[in-house]
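Novice: Numbering (our numbering), first residue to last: 111 to 200. Note that CB positions come from ideal geometry on N, CA and C, so glycine has one too. Take a look at this one; I'll ask things after.
In structure tokens, the structure reads:
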């Protein structure tokens, strides 16, 4: 259960009209699926034009955004540090 200010928050039901939008993962999915047969840009973009679409970051709760940014930046730095270095010919 989630906690708000140290107190357990009550779980509320949501309607089917609420879409969770995660820009980074959505963009990755778009790039990987756009050439597949049956892919529909209109269907893919549908949640973005809905009146109850939620996206990150939320300024009143920035922690999910900061954690995702830390993972993304950390992975990029690790890849960069592990990449073989090109040696210049003498």
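1) According to DSSP, which residues form a beta bridge with residue 186?
2) From the DSSP output, in three-state form, read off residue 179 for me.
3) Just the C-alpha distance for residue 150 and residue 144, rounded to the nearest angstrom, thanks.
4) Would you kindly check if the distance between the Cβ of residue 157 and the Cβ of residue 183 is under 8 Å?
5) Name the two residues that bound the continuous alpha helix (DSSP H) containing residue 154.
6) Just how far apart, CA to CA, sit residue 159 and residue 137?
Specialist: Let's see:
1) BP columns for residue 186 are empty, so no partner.
2) helix
3) 8 Å
4) no
5) 151-155
6) 16 Å
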